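Report on one structure; see the data block that follows.
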Amino acid sequence: GADTLWGAQGDDTFVFAASHGADVVADFEAGDDERIDLSAIAEIVDFTDLVANHLADVGGTAQIQSSQGT
Numbered sequence: 001g002a003d004t005l006w007g008a009q010g011d012d013t014f015v016f017a018a019s020h021g022a023d024v025v026a027d028f029e030a031g032d033d034e035r036i037d038l039s040a041i042a043e044i045v046d047f048t049d050l051v052a053n054h055l056a057d058v059g060g061t062a063q064i065q066s067s068q069g070t
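Oh and the sequence shown: position 63 is 63 in the UniProt record's numbering, straight run, nothing missing.
Laid out in structure tokens, this is it:
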């Protein structure tokens with residue numbers, strides 16, 4: 001679905017399933033020990049592939065794109 005994800009206080013891990021849809025992580029803090037787990041997205045094979053083929057700057061925000069959603 002199209003979900004908005006919010007973490008709690010402290011470090012968070014946002015986990016995306018294979019059929020994640022168009023989801024938004026609303027409070028990801030770069031530099032903290034926060035993580036985005038894309039291990040269930042088979043088409044994203046590693047970080048190099050993510051950056052080269054699935055990551056876009058959209059209006060100053062990072063957008064991860066896959067065939068299952070953004």
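Where a beta carbon is used, it is the ideal one built from N, C-alpha and C, also for glycine.
Model, not experiment: these values are computed from the prediction.
- Inclusion of A52 and A17 in the CB contact set at 7 Å is not warranted, their separation being larger than that value.
- By a beta-carbon distance limit of 8 Å, L38 does not contact V24. Their separation comes to about 15 Å.
- The Cβ atoms of A22 and A42 do not sit closer than 7 Å to each other.
- Rounded to the nearest angstrom, the Cβ distance from Q63 to S19 is 18 Å, too far for a contact under 8 Å.
- For F14, the pairing in a beta bridge is given by DSSP as I36.
- I36 has its alpha-carbon roughly 18 Å from the corresponding atom of V58.
- A Cβ-Cβ separation of about 12 Å leaves D27 out of contact with G10 under the 8 Å criterion.
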